[in-house]
Amino acid sequence: MNKYKLTKLSNGIRVATEKIEHVNSFSLGFWFNVGSRDETKKNNGISHFLEHMFFKGTKRRTARRISEEIESVGGYLNAFTSKEHTCLYGRGMDKHLKKTFLVLADMVQDSLFSEKELRKEAGVIIDELNDIEDSPEELIFDKFETKLYEGNKLSMPIIGTKENILNFTSLDLKNYVAQNYKADNFCIVASGNIEHDVLLNLTEKYLTKINSVAPKRRKYFNRSKNQDSFFYKNINQAHLIIGGTTYGYNSEQRAVSSLISNILGDGSSSRLFQALRERNGIAYQVNSFLNSFYDVSSIGVYLSTNEESIKKGRDIVFRELQKFKEKGVKTKELERAKEYIKGNIQLSIESTTNRMMRMANSLFYFKRIKEIEESLQNIDAITEEQIYEEVQIIFDNSNISTTLLASKNLLN
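Everything in the sequence shown is counted per numbering that gives the first Met the number 0, starting at 0 for the first residue and increasing by one.
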(Lines of atoms letter the chains of each structure in order from A and count residues from 1; the text may use other names and numbers.)
(Lines give C-alpha, C1' and ligand atoms only; values in the text may rest on other atoms or scores of the structure.)
Protein backbone atom coordinates (compact mmCIF):
# COMPACT_ATOMS: atom_id res chain seq x y z
CA MET A 1 0.00 0.00 0.00
CA ASN A 2 1.35 3.45 -0.94
CA LYS A 3 1.16 6.12 1.73
CA TYR A 4 1.46 9.89 1.26
CA LYS A 5 2.59 12.11 4.11
CA LEU A 6 2.97 15.88 4.11
CA THR A 7 4.45 18.12 6.80
CA LYS A 8 4.96 21.87 6.75
CA LEU A 9 7.81 22.92 9.03
CA SER A 10 7.75 26.08 11.13
CA ASN A 11 10.04 27.86 8.64
CA GLY A 12 7.66 27.12 5.74
CA ILE A 13 9.50 24.23 4.06
CA ARG A 14 7.15 21.43 3.00
CA VAL A 15 8.27 17.80 3.18
CA ALA A 16 6.23 15.23 1.26
CA THR A 17 6.83 11.50 1.02
CA GLU A 18 5.26 8.44 -0.51
CA LYS A 19 6.38 5.15 1.00
CA ILE A 20 6.55 2.23 -1.44
CA GLU A 21 7.61 -0.83 0.50
CA HIS A 22 8.14 -3.20 -2.43
CA VAL A 23 11.02 -1.20 -3.97
CA ASN A 24 14.61 -0.91 -2.73
CA SER A 25 15.23 2.60 -4.02
CA PHE A 26 14.11 6.21 -3.74
CA SER A 27 13.78 9.37 -5.80
CA LEU A 28 14.42 12.58 -3.86
CA GLY A 29 13.72 16.06 -5.23
CA PHE A 30 14.59 19.52 -3.93
CA TRP A 31 12.04 21.79 -5.63
CA PHE A 32 11.94 25.59 -5.79
CA ASN A 33 8.91 27.43 -7.12
CA VAL A 34 11.22 29.61 -9.20
CA GLY A 35 11.60 29.63 -12.97
CA SER A 36 12.01 31.83 -16.00
CA ARG A 37 8.58 33.48 -15.53
CA ASP A 38 9.95 35.00 -12.33
CA GLU A 39 12.80 36.75 -14.12
CA THR A 40 13.16 40.07 -15.93
CA LYS A 41 14.53 40.76 -19.39
CA LYS A 42 17.76 41.86 -17.72
CA ASN A 43 18.29 38.57 -15.87
CA ASN A 44 16.37 36.17 -18.15
CA GLY A 45 18.11 32.80 -18.00
CA ILE A 46 19.46 33.15 -14.46
CA SER A 47 17.33 30.32 -13.00
CA HIS A 48 18.66 27.94 -15.65
CA PHE A 49 22.21 29.22 -15.12
CA LEU A 50 21.87 28.57 -11.38
CA GLU A 51 20.68 25.02 -12.05
CA HIS A 52 24.02 24.41 -13.79
CA MET A 53 26.09 26.19 -11.16
CA PHE A 54 24.65 24.20 -8.24
CA PHE A 55 26.77 21.31 -9.55
CA LYS A 56 30.01 23.30 -9.77
CA GLY A 57 31.31 23.06 -6.24
CA THR A 58 30.47 23.99 -2.65
CA LYS A 59 32.44 24.91 0.44
CA ARG A 60 32.77 21.18 1.22
CA ARG A 61 32.72 19.47 -2.17
CA THR A 62 34.33 20.02 -5.54
CA ALA A 63 32.23 19.53 -8.68
CA ARG A 64 33.88 16.15 -9.20
CA ARG A 65 33.24 15.04 -5.64
CA ILE A 66 29.54 15.95 -5.94
CA SER A 67 29.09 13.48 -8.79
CA GLU A 68 31.52 10.83 -7.51
CA GLU A 69 29.97 10.72 -4.05
CA ILE A 70 26.60 9.68 -5.48
CA GLU A 71 27.74 7.63 -8.46
CA SER A 72 30.14 5.60 -6.30
CA VAL A 73 27.11 4.09 -4.52
CA GLY A 74 25.13 3.43 -7.69
CA GLY A 75 22.98 6.57 -7.70
CA TYR A 76 22.77 9.66 -9.86
CA LEU A 77 21.95 13.35 -9.66
CA ASN A 78 20.15 15.48 -12.21
CA ALA A 79 18.28 18.78 -12.45
CA PHE A 80 16.01 20.81 -14.68
CA THR A 81 14.55 24.29 -14.96
CA SER A 82 11.10 25.10 -16.30
CA LYS A 83 9.22 28.36 -16.63
CA GLU A 84 7.81 27.90 -13.12
CA HIS A 85 10.14 25.54 -11.22
CA THR A 86 13.72 24.54 -10.56
CA CYS A 87 14.38 20.99 -9.39
CA LEU A 88 17.52 19.20 -8.24
CA TYR A 89 16.97 15.50 -7.69
CA GLY A 90 18.72 12.24 -6.96
CA ARG A 91 17.97 8.57 -7.26
CA GLY A 92 19.61 5.73 -5.37
CA MET A 93 19.28 2.67 -3.19
CA ASP A 94 17.23 3.27 -0.05
CA LYS A 95 20.22 2.80 2.28
CA HIS A 96 21.90 5.83 0.66
CA LEU A 97 19.08 8.33 1.23
CA LYS A 98 21.06 10.33 3.79
CA LYS A 99 24.11 10.61 1.54
CA THR A 100 22.01 11.91 -1.35
CA PHE A 101 20.16 14.32 0.94
CA LEU A 102 23.40 15.76 2.34
CA VAL A 103 24.87 16.34 -1.11
CA LEU A 104 21.71 18.09 -2.37
CA ALA A 105 21.48 20.15 0.83
CA ASP A 106 25.09 21.23 0.40
CA MET A 107 24.45 22.22 -3.22
CA VAL A 108 21.42 24.42 -2.51
CA GLN A 109 22.88 26.08 0.61
CA ASP A 110 26.63 26.42 0.10
CA SER A 111 27.41 26.53 -3.61
CA LEU A 112 30.41 28.76 -4.32
CA PHE A 113 29.35 30.19 -7.69
CA SER A 114 33.01 30.97 -8.38
CA GLU A 115 33.78 33.33 -11.26
CA LYS A 116 36.17 30.77 -12.79
CA GLU A 117 33.52 28.04 -12.90
CA LEU A 118 30.87 30.54 -13.97
CA ARG A 119 32.88 31.57 -17.04
CA LYS A 120 33.44 27.93 -18.02
CA GLU A 121 29.79 27.04 -17.56
CA ALA A 122 28.68 30.04 -19.61
CA GLY A 123 30.41 28.39 -22.56
CA VAL A 124 28.55 25.14 -21.92
CA ILE A 125 25.21 26.96 -21.77
CA ILE A 126 25.98 28.85 -24.99
CA ASP A 127 26.54 25.43 -26.61
CA GLU A 128 23.15 24.36 -25.24
CA LEU A 129 21.59 27.52 -26.70
CA ASN A 130 23.21 26.77 -30.06
CA ASP A 131 21.79 23.24 -29.95
CA ILE A 132 18.30 24.72 -29.56
CA GLU A 133 18.96 27.11 -32.46
CA ASP A 134 20.05 24.12 -34.57
CA SER A 135 16.94 22.11 -33.66
CA PRO A 136 13.96 23.46 -35.65
CA GLU A 137 11.46 21.51 -33.54
CA GLU A 138 12.72 23.06 -30.29
CA LEU A 139 13.21 26.47 -31.84
CA ILE A 140 9.68 26.78 -33.25
CA PHE A 141 8.13 26.03 -29.85
CA ASP A 142 10.23 28.79 -28.28
CA LYS A 143 9.16 31.19 -31.04
CA PHE A 144 5.50 30.16 -30.75
CA GLU A 145 5.34 30.74 -26.99
CA THR A 146 7.27 34.01 -27.26
CA LYS A 147 4.51 35.35 -29.52
CA LEU A 148 1.64 33.62 -27.72
CA TYR A 149 2.54 35.06 -24.30
CA GLU A 150 3.79 38.43 -25.53
CA GLY A 151 3.60 40.98 -22.72
CA ASN A 152 3.85 38.31 -20.02
CA LYS A 153 7.00 36.79 -18.55
CA LEU A 154 5.93 33.38 -19.83
CA SER A 155 7.13 34.66 -23.20
CA MET A 156 10.77 34.55 -22.08
CA PRO A 157 12.86 31.46 -22.96
CA ILE A 158 14.06 29.28 -20.10
CA ILE A 159 17.67 29.31 -21.28
CA GLY A 160 17.76 33.10 -21.57
CA THR A 161 19.68 35.22 -24.07
CA LYS A 162 23.27 34.96 -25.22
CA GLU A 163 24.02 38.44 -23.88
CA ASN A 164 22.71 37.59 -20.42
CA ILE A 165 24.46 34.21 -20.29
CA LEU A 166 27.83 35.80 -21.09
CA ASN A 167 27.41 38.62 -18.57
CA PHE A 168 26.09 36.97 -15.39
CA THR A 169 28.43 37.39 -12.43
CA SER A 170 28.89 35.44 -9.23
CA LEU A 171 27.25 38.30 -7.34
CA ASP A 172 24.23 38.19 -9.67
CA LEU A 173 23.70 34.53 -8.85
CA LYS A 174 24.21 34.95 -5.10
CA ASN A 175 21.79 37.89 -4.95
CA TYR A 176 19.13 36.04 -6.96
CA VAL A 177 19.36 33.02 -4.65
CA ALA A 178 19.17 35.24 -1.57
CA GLN A 179 16.06 37.00 -2.89
CA ASN A 180 14.11 34.07 -4.33
CA TYR A 181 15.19 30.67 -3.01
CA LYS A 182 13.17 30.84 0.18
CA ALA A 183 11.54 28.35 2.51
CA ASP A 184 7.95 29.14 1.58
CA ASN A 185 8.52 28.24 -2.08
CA PHE A 186 10.67 25.19 -1.35
CA CYS A 187 9.50 21.58 -1.21
CA ILE A 188 11.39 18.37 -0.47
CA VAL A 189 9.63 15.45 -2.10
CA ALA A 190 10.53 11.76 -2.07
CA SER A 191 9.02 8.54 -3.34
CA GLY A 192 10.28 5.03 -2.63
CA ASN A 193 11.27 2.87 0.30
CA ILE A 194 11.78 5.76 2.69
CA GLU A 195 10.41 6.87 6.07
CA HIS A 196 8.75 10.26 6.40
CA ASP A 197 10.19 10.92 9.86
CA VAL A 198 13.72 10.20 8.62
CA LEU A 199 13.38 12.81 5.89
CA LEU A 200 11.86 15.28 8.37
CA ASN A 201 14.79 14.84 10.74
CA LEU A 202 17.31 15.30 7.93
CA THR A 203 15.54 18.48 6.82
CA GLU A 204 15.41 19.99 10.30
CA LYS A 205 19.04 19.11 11.02
CA TYR A 206 20.77 19.94 7.75
CA LEU A 207 18.63 22.52 5.94
CA THR A 208 19.05 25.43 8.32
CA LYS A 209 20.05 28.18 5.89
CA ILE A 210 16.87 28.29 3.82
CA ASN A 211 14.28 30.45 5.51
CA SER A 212 12.21 33.60 5.18
CA VAL A 213 9.54 34.45 2.64
CA ALA A 214 9.97 34.86 -1.11
CA PRO A 215 8.64 38.01 -2.81
CA LYS A 216 5.36 37.77 -4.67
CA ARG A 217 6.43 38.43 -8.22
CA ARG A 218 4.25 36.55 -10.71
CA LYS A 219 1.97 38.43 -13.03
CA TYR A 220 -0.72 36.10 -14.27
CA PHE A 221 -1.60 35.77 -17.90
CA ASN A 222 -4.34 37.77 -19.59
CA ARG A 223 -5.50 36.40 -22.90
CA SER A 224 -3.96 38.22 -25.85
CA LYS A 225 -5.14 38.34 -29.45
CA ASN A 226 -3.82 35.84 -31.96
CA GLN A 227 -0.69 36.70 -33.94
CA ASP A 228 0.47 34.78 -37.01
CA SER A 229 4.25 34.83 -37.38
CA PHE A 230 7.01 33.68 -39.71
CA PHE A 231 10.64 33.03 -38.75
CA TYR A 232 13.39 32.49 -41.28
CA LYS A 233 15.87 29.62 -41.04
CA ASN A 234 17.92 28.02 -43.81
CA ILE A 235 16.50 24.50 -43.48
CA ASN A 236 15.05 21.91 -45.86
CA GLN A 237 11.80 21.13 -44.07
CA ALA A 238 9.05 23.57 -43.09
CA HIS A 239 7.88 23.50 -39.47
CA LEU A 240 4.42 24.70 -38.46
CA ILE A 241 2.51 25.23 -35.21
CA ILE A 242 -1.19 26.05 -35.13
CA GLY A 243 -2.38 26.74 -31.60
CA GLY A 244 -3.62 29.03 -28.87
CA THR A 245 -4.29 29.19 -25.15
CA THR A 246 -6.54 27.23 -22.82
CA TYR A 247 -6.98 26.57 -19.10
CA GLY A 248 -4.04 26.05 -16.76
CA TYR A 249 -3.61 23.81 -13.73
CA ASN A 250 -5.76 26.17 -11.66
CA SER A 251 -8.86 25.04 -13.56
CA GLU A 252 -10.56 21.66 -13.59
CA GLN A 253 -11.25 22.34 -17.28
CA ARG A 254 -7.62 21.51 -18.05
CA ALA A 255 -8.57 17.82 -18.03
CA VAL A 256 -11.01 18.54 -20.87
CA SER A 257 -8.21 20.23 -22.82
CA SER A 258 -6.00 17.17 -22.36
CA LEU A 259 -8.64 14.97 -23.97
CA ILE A 260 -9.10 17.41 -26.86
CA SER A 261 -5.35 17.38 -27.47
CA ASN A 262 -5.28 13.59 -27.40
CA ILE A 263 -8.17 13.23 -29.84
CA LEU A 264 -6.49 15.62 -32.27
CA GLY A 265 -2.94 14.37 -32.46
CA ASP A 266 -1.75 12.01 -29.75
CA GLY A 267 -0.92 8.59 -31.17
CA SER A 268 -1.22 6.86 -34.52
CA SER A 269 -5.00 6.55 -34.28
CA SER A 270 -5.53 10.28 -33.70
CA ARG A 271 -7.42 12.43 -36.19
CA LEU A 272 -4.47 14.40 -37.51
CA PHE A 273 -2.12 11.42 -37.80
CA GLN A 274 -4.75 9.66 -39.87
CA ALA A 275 -5.60 12.73 -41.97
CA LEU A 276 -2.04 13.88 -42.67
CA ARG A 277 0.06 10.72 -42.77
CA GLU A 278 -2.27 7.86 -43.51
CA ARG A 279 -4.66 9.48 -45.99
CA ASN A 280 -2.39 12.09 -47.59
CA GLY A 281 1.14 10.79 -47.07
CA ILE A 282 2.60 14.04 -45.75
CA ALA A 283 4.14 15.21 -42.47
CA TYR A 284 6.33 12.51 -40.95
CA GLN A 285 6.13 14.46 -37.70
CA VAL A 286 2.66 15.45 -36.55
CA ASN A 287 1.45 15.68 -32.98
CA SER A 288 -0.69 17.75 -30.67
CA PHE A 289 0.56 19.34 -27.47
CA LEU A 290 -0.71 20.73 -24.18
CA ASN A 291 1.95 22.68 -22.32
CA SER A 292 0.54 23.77 -18.97
CA PHE A 293 1.36 26.36 -16.32
CA TYR A 294 -0.52 27.44 -13.21
CA ASP A 295 -2.86 29.90 -14.92
CA VAL A 296 -2.74 29.04 -18.63
CA SER A 297 -1.77 26.34 -21.12
CA SER A 298 -0.68 26.43 -24.72
CA ILE A 299 -2.52 23.91 -26.88
CA GLY A 300 -2.15 23.12 -30.53
CA VAL A 301 -0.68 21.07 -33.35
CA TYR A 302 2.90 20.75 -34.58
CA LEU A 303 3.91 19.33 -37.95
CA SER A 304 6.92 19.31 -40.23
CA THR A 305 6.96 18.46 -43.92
CA ASN A 306 8.62 19.47 -47.18
CA GLU A 307 8.13 23.01 -48.41
CA GLU A 308 5.80 21.97 -51.23
CA SER A 309 3.37 20.28 -48.82
CA ILE A 310 3.19 22.80 -45.98
CA LYS A 311 0.16 24.71 -47.34
CA LYS A 312 -1.72 21.47 -47.86
CA GLY A 313 -0.79 20.36 -44.35
CA ARG A 314 -2.03 23.64 -42.89
CA ASP A 315 -5.31 23.38 -44.79
CA ILE A 316 -5.89 19.81 -43.61
CA VAL A 317 -5.32 20.84 -39.99
CA PHE A 318 -7.80 23.71 -40.27
CA ARG A 319 -10.37 21.42 -41.89
CA GLU A 320 -10.00 18.96 -39.02
CA LEU A 321 -10.36 21.75 -36.46
CA GLN A 322 -13.51 22.99 -38.19
CA LYS A 323 -14.92 19.46 -38.28
CA PHE A 324 -14.18 19.13 -34.55
CA LYS A 325 -16.06 22.39 -33.87
CA GLU A 326 -19.05 21.33 -35.95
CA LYS A 327 -19.41 17.68 -34.97
CA GLY A 328 -17.67 17.33 -31.62
CA VAL A 329 -16.68 13.82 -30.59
CA LYS A 330 -18.51 10.49 -30.59
CA THR A 331 -18.70 8.24 -27.52
CA LYS A 332 -16.34 5.57 -28.87
CA GLU A 333 -13.60 8.06 -29.77
CA LEU A 334 -13.91 9.81 -26.41
CA GLU A 335 -13.63 6.50 -24.56
CA ARG A 336 -10.50 5.62 -26.55
CA ALA A 337 -8.93 8.96 -25.61
CA LYS A 338 -9.81 8.48 -21.94
CA GLU A 339 -8.24 5.02 -21.86
CA TYR A 340 -5.13 6.33 -23.64
CA ILE A 341 -4.58 9.10 -21.10
CA LYS A 342 -5.38 6.92 -18.09
CA GLY A 343 -3.03 4.26 -19.41
CA ASN A 344 -0.23 6.79 -19.78
CA ILE A 345 -0.77 8.01 -16.22
CA GLN A 346 -0.69 4.49 -14.83
CA LEU A 347 2.37 3.47 -16.85
CA SER A 348 4.26 6.59 -15.78
CA ILE A 349 3.77 5.93 -12.07
CA GLU A 350 5.76 2.71 -12.24
CA SER A 351 8.80 5.01 -11.94
CA THR A 352 9.59 6.46 -8.49
CA THR A 353 11.04 9.53 -10.22
CA ASN A 354 7.80 10.17 -12.08
CA ARG A 355 5.85 9.66 -8.87
CA MET A 356 8.08 12.13 -7.04
CA MET A 357 7.64 14.71 -9.80
CA ARG A 358 3.89 14.19 -9.86
CA MET A 359 3.71 14.82 -6.10
CA ALA A 360 5.75 18.02 -6.37
CA ASN A 361 3.62 19.41 -9.19
CA SER A 362 0.52 18.56 -7.17
CA LEU A 363 1.86 20.49 -4.17
CA PHE A 364 2.72 23.57 -6.19
CA TYR A 365 -0.44 23.63 -8.29
CA PHE A 366 -3.09 22.25 -5.91
CA LYS A 367 -1.52 22.87 -2.46
CA ARG A 368 -2.03 19.18 -1.66
CA ILE A 369 -1.02 15.75 -2.89
CA LYS A 370 -3.61 14.77 -5.44
CA GLU A 371 -4.37 11.06 -5.42
CA ILE A 372 -3.77 9.23 -8.69
CA GLU A 373 -7.25 7.73 -8.47
CA GLU A 374 -8.72 11.24 -8.33
CA SER A 375 -7.01 12.15 -11.60
CA LEU A 376 -8.33 9.00 -13.26
CA GLN A 377 -11.86 9.71 -12.02
CA ASN A 378 -11.69 13.29 -13.32
CA ILE A 379 -10.84 11.97 -16.78
CA ASP A 380 -13.66 9.42 -16.67
CA ALA A 381 -16.23 12.06 -15.69
CA ILE A 382 -15.74 14.26 -18.78
CA THR A 383 -18.66 14.26 -21.20
CA GLU A 384 -19.07 14.75 -24.95
CA GLU A 385 -20.87 18.02 -24.22
CA GLN A 386 -17.89 19.39 -22.27
CA ILE A 387 -15.57 18.52 -25.14
CA TYR A 388 -17.85 20.23 -27.65
CA GLU A 389 -18.16 23.41 -25.57
CA GLU A 390 -14.43 23.76 -24.96
CA VAL A 391 -13.52 23.06 -28.59
CA GLN A 392 -15.60 26.12 -29.56
CA ILE A 393 -13.49 28.30 -27.26
CA ILE A 394 -10.05 26.85 -27.98
CA PHE A 395 -10.38 26.78 -31.75
CA ASP A 396 -12.20 30.06 -32.16
CA ASN A 397 -10.40 32.10 -34.83
CA SER A 398 -9.59 34.82 -32.29
CA ASN A 399 -7.61 32.32 -30.18
CA ILE A 400 -5.63 30.53 -32.88
CA SER A 401 -2.21 31.62 -34.14
CA THR A 402 0.00 30.13 -36.84
CA THR A 403 3.79 30.04 -36.46
CA LEU A 404 5.98 28.99 -39.40
CA LEU A 405 9.71 28.26 -39.37
CA ALA A 406 11.12 27.77 -42.87
CA SER A 407 13.57 29.05 -45.49
CA LYS A 408 10.87 31.37 -46.85
CA ASN A 409 7.31 32.41 -46.04
CA LEU A 410 5.37 29.61 -47.70
CA LEU A 411 1.91 30.52 -46.41
CA ASN A 412 1.37 33.84 -48.22
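Every residue gets a Cβ at the ideal spot worked out from N, C-alpha and C, and that includes glycine.
- [ ] Could you tell me whether the Cβ atoms of F229 and L403 are closer together than 9 Å?
- [x] The residue you call residue 229 lines up with position 230 of the sequence shown. The residue you call residue 403 lines up with position 404 of the sequence shown. With a cutoff of 9 Å on beta-carbon distance, F229 and L403 are scored as near each other.
- [ ] Report yes if the C-beta distance between N42 and N151 is below 9 Å; otherwise report no.
- [x] Start at 1 with the first residue of the sequence shown, and residue 42 comes out as number 43. Start at 1 with the first residue of the sequence shown, and residue 151 comes out as number 152. Contact: no.
Open item on the list: Here's the rule: buried if 16 or more other CB atoms are within 10 angstroms of the residue's CB, otherwise exposed. What is A177?
Closed with: Working through the sequence shown from its first residue, we reach residue 177 at position 178. Exposed, since its Cβ has fewer than 16 Cβ neighbours within 10 Å.
Task: N192 beta carbon less than 9 Å from that of R23 - done: Locating residue 23 in the sequence shown gives position 24, where the first residue counts as 1. Locating residue 192 in the sequence shown gives position 193, where the first residue counts as 1. According to the sequence displayed, residue 23 carries Asn and not Arg. With a cutoff of 9 Å on beta-carbon distance, N23 and N192 are scored as near each other.
Task: Cβ contact (3+ pairs, closer than 8 Å) linking the segment 199-208 and the segment 247-258 - done: The segment 199-208 is not in contact with the segment 247-258.
Task: Buried or exposed by the 16-neighbour rule on C-beta atoms within 10 Å, applied to F365 - done: Within the sequence shown, numbered from 1, the residue matching residue 365 stands at position 366. Classification for F365: exposed.
Task: Length of the line joining the Cα atoms of M0 and E20 - done: Taking the sequence shown and counting its residues from 1, the one referred to as residue 0 is at position 1. Taking the sequence shown and counting its residues from 1, the one referred to as residue 20 is at position 21. With a pLDDT of only 47 at M0, under 50, the local geometry of the prediction cannot be trusted, and no value is derived from it.
Task: For H238, the first and last residue of its enclosing beta strand (DSSP E) - done: For this step, residue 238 is matched to residue 239 along the sequence shown. Note, H238: beta strand (DSSP E), Q236 to T245.
- [ ] List the DSSP bridge partners of K415.
- [x] Limits of the chain in this structure are 0 at one end and 411 at the other, which puts residue 415 out of reach.
TODO: Rank V107, G122 and Q108 by C-alpha distance to the C-alpha of E114 and give the top, closest one.
DONE: Walking along the sequence shown from the start, residue 114 turns up at place 115. When only C-alpha atoms are compared, the closest one is G122.
Open item on the list: Closest to N235 by C-alpha separation, out of F29, A405 and S400, would be which residue?
Closed with: As a working mapping, residue 235 is identified with position 236 in the sequence shown. Of the candidates F29, A405 and S400, the one whose C-alpha sits nearest the C-alpha of N235 is A405.
TODO: Could you tell me the boundaries of the alpha helix (DSSP H) in which N225 lies?
DONE: Numbered from 1 along the sequence shown, position 226 holds the residue referred to as residue 225. From DSSP, N225 is part of no alpha helix (DSSP H); its letter is neither H nor E.
Open item on the list: Please state the DSSP three-state secondary structure of G91.
Closed with: What you label residue 91 is simply residue 92 of the sequence shown in a count that begins at 1. Annotated three-state conformation of G91 is strand, per DSSP.
TODO: Report all residues from its chain with a CB closer than 7 Å to the CB of I315; omit the five preceding and five following residues, and keep chain order.
DONE: Along the sequence shown, one-based indexing puts residue 315 at 316. The answer, listed in chain order, is A274, L275 and N279.
TODO: Return helix, strand or coil for R216, following the three-state DSSP convention.
DONE: As a position in the sequence shown, residue 216 is number 217, starting the count at 1. Correct three-state label for R216: coil.
Task: Residue from G34, I309 and V295 whose Cα sits closest to the Cα of Y301 - done: By 1-based counting over the sequence shown, the position of residue 301 is 302. If we check each option's Cα against that of Y301, I309 comes out closest.
Open item on the list: Quick test of your reading: C186 and A78, contact by CB under 8 Å. State the CB separation rounded to the nearest angstrom.
Closed with: In the sequence shown, counting from the first residue as 1, residue 186 sits at position 187. In the sequence shown, counting from the first residue as 1, residue 78 sits at position 79. Cβ atoms of C186 and A78 stay farther apart than 8 Å, at about 15 Å.
- [ ] Could you spell out the range, first to last residue, of the beta strand (DSSP E) harbouring Q284?
- [x] Your numbering for residue 284 matches position 285 in the sequence shown. Counting along the chain, the beta strand (DSSP E) containing Q284 begins and ends at Q284 to S291.
Task: Where G34 sits in the DSSP three-state scheme - done: Reading the sequence shown from its first residue, position 35 is the one you call residue 34. Secondary structure at G34: coil, using DSSP grouped into helix, strand and coil.
TODO: Thinking G89 and I65 are a contact (beta carbons under 8 Å), I'd like their distance in whole angstroms, please.
DONE: Against the sequence shown, residue 89 aligns to sequence position 90. Against the sequence shown, residue 65 aligns to sequence position 66. The Cβ separation is near 10 Å, so there is no contact.
- [ ] State the Cα-Cα distance for the pair E389 and G11, rounded to the nearest angstrom.
- [x] Here residue 389 corresponds to residue number 390 of the sequence shown, with the count starting at 1. Here residue 11 corresponds to residue number 12 of the sequence shown, with the count starting at 1. If you take the alpha carbons of E389 and G11, they lie about 38 Å apart.
Open item on the list: Given this structure, state the Cα-to-Cα distance separating E83 from R216, to the nearest angstrom.
Closed with: Counting from one through the sequence shown, the residue named residue 83 turns up at place 84. Counting from one through the sequence shown, the residue named residue 216 turns up at place 217. Their backbone Cα atoms lie some 12 Å apart in a straight line.
TODO: Measure the alpha-carbon distance for Y270 versus K58 and round it to whole angstroms.
DONE: Reading the sequence shown from its first residue, position 271 is the one you call residue 270. Reading the sequence shown from its first residue, position 59 is the one you call residue 58. The sequence shown places Arg at residue 270, not Tyr. Going by the C-alpha atoms only, they are around 56 Å apart.
Open item on the list: Need the endpoints of the alpha helix (DSSP H) that L302 sits in, please.
Closed with: Sequence index remark: in the sequence shown, residue 302 carries index 303 (1-based). Here L302 belongs to no alpha helix (DSSP H); instead the beta strand (DSSP E) covers S296 to N305.
Task: Residue range of the alpha helix (DSSP H) that includes S400 - done: Residue 400 sits at position 401 when you count from the first residue of the sequence shown. First-last for S400: S400 to A405, but that is the beta strand (DSSP E), not the alpha helix (DSSP H).
TODO: Using only alpha-carbon positions, find the residue among R313, R354, F292 and S268 that is nearest to A282.
DONE: Counting from one through the sequence shown, the residue named residue 282 turns up at place 283. The candidate whose alpha carbon is nearest that of A282 is R313.
Task: Of the residues L165, Y339, E349 and V107, the one placed nearest R118, counting alpha carbons only - done: For the purposes of this step, residue 118 is taken as residue 119 along the sequence shown, with counting starting at 1. Measuring from the Cα of R118, the nearest candidate turns out to be L165.
Open item on the list: Let's see if you can read the secondary structure: which residues bound the beta strand (DSSP E) around T80?
Closed with: Stepping through the sequence shown from its first residue, residue 80 is reached at position 81. Where T80 is concerned, the enclosing beta strand (DSSP E) starts and stops at Y75 to T80.
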